[in-house]
Amino acid sequence: NAGVTQTPKFQVLKTGQSMTLQCAQDMNHEYMSWYRQDPGMGLRLIHYSVGAGITDQGEVPNGYNVSRSTTEDFPLRLLSAAPSQTSVYFCASSSGSQGAGELFFGEGSRLTVL
Amino acid sequence: QQQVKQSPQSLIVQKGGISIINCAYENTAFDYFPWYQQFPGKGPALLIAIRPDVSEKKEGRFTISFNKSAKQFSLHIMDSQPGDSATYFCAASIGTSGTYKYIFGTGTRLKVLA
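Heads up: the sequence lines are chains H and D, in that order.
Residues in the first sequence are numbered consecutively from 211, following my numbering.
Residues in the second sequence are numbered consecutively from 226, following my numbering.
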């Protein structure tokens, strides 16, 4: 029972490079989301999806893209990495309708942008 | 108005003592108040949650106290143990246009001394 799986766990990028953080869940949850965690800032919502083909912006969406082609996968793309995107990224899914209820988090992806 | 203010930023408690973490919010439309526990290198996990129609909820050593009029809620950890050492996040959920979003506090790093 894997839950929410994120890859990679660690990544170092140079400014301007692009990359994709992968997120997969095996709980058949319709709702999936991406957060970033920074010291003293808590968890901030980047993008979320309430089902395949449906995505929307959260609190801090600039510099990130998402897509949702299947129920299981919700990748986060950094188009042109900047040092301000150095953070720990968490993917989360919810069994509740439209995101209500408990969030299940992955173990995080730590990204450093030089 | 969407913020959730959490205090203290860090907390040191002796084994067997009571740990208390406080959160305050402004938006009365919030309708779900969870607490998440995060161990180093892991994603947050739901610890306990409350809805605003209840003033207190207890699960084992963990209790949420909710004061709707003051727009405050707190987490009490009774008989604190070294294994409780973690970062704790309060959150508030709001449904907007049929989708729920979470606003997280900035986190409290708890250390329980043996």
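Heads up, the beta-carbon is just placed ideally off N, CA and C, and yes, glycines get one too.
Quick caveat, the model's predicted, so the values are computed rather than measured.
Backbone secondary structure at residue i - three-state DSSP
| i | result |
| --- | --- |
| D:G308 | helix |
| H:S319 | strand |
| H:S294 | helix |
| D:A295 | coil |
| D:S232 | strand |
| D:S244 | strand |
| D:V211 | Past the edges of chain D, shown from 226 to 339, lies residue 211 of chain D, and the structure says nothing about it. |
| H:G250 | coil |
| H:A310 | coil |
| D:M303 | coil |
| D:V238 | strand |
| H:Q221 | strand |
| H:L255 | strand |
Buried versus exposed, by CB contacts within 10 Å (16 or more), residue i
| i | result |
| --- | --- |
| D:L335 | buried |
| H:F220 | exposed |
| H:R278 | buried |
| H:R246 | buried |
| H:A302 | buried |
| H:V214 | buried |
| H:T217 | exposed |
| D:G268 | buried |
| D:L338 | exposed |
For residue i: DSSP bridge partner residues
| i | result |
| --- | --- |
| D:P259 | D:A274 |
| H:N275 | H:R287 |
| H:A234 | H:T215, H:D283 |
| H:G261 | H:I264 |
| D:E284 | D:F287 |
| D:S318 | D:Y257, D:Y327 |
| H:S303 | H:M242, H:F314 |
| H:V270 | DSSP lists no partner for H:V270. |
Residue from the options with nearest C-alpha to residue i
| i | options | result |
| --- | --- | --- |
| D:Q231 | D:L300, D:A270, D:R286, D:K282 | D:L300 |
| D:G320 | D:P233, D:N252, D:S244, D:Y313 | D:N252 |
| H:G226 | H:A292, H:S259, H:P285, H:R287 | H:A292 |
| D:P265 | D:C315, D:D309, D:I328, D:Y327 | D:D309 |
| D:V279 | D:P269, D:L272, D:G268, D:F291 | D:F291 |
| H:L324 | H:V260, H:T296, H:C233, H:A262 | H:T296 |
| H:I264 | H:V276, H:A212, H:M229, H:F315 | H:V276 |
| D:S235 | H:D283, H:G250, H:S290, H:R320 | H:G250 |
Residue i CB to nearest heavy atom of the ligand NAP below 6 angstroms
| i | result |
| --- | --- |
| D:C248 | Judged by which ligands are present, the structure shown has none, so any question about the ligand NAP falls away. |
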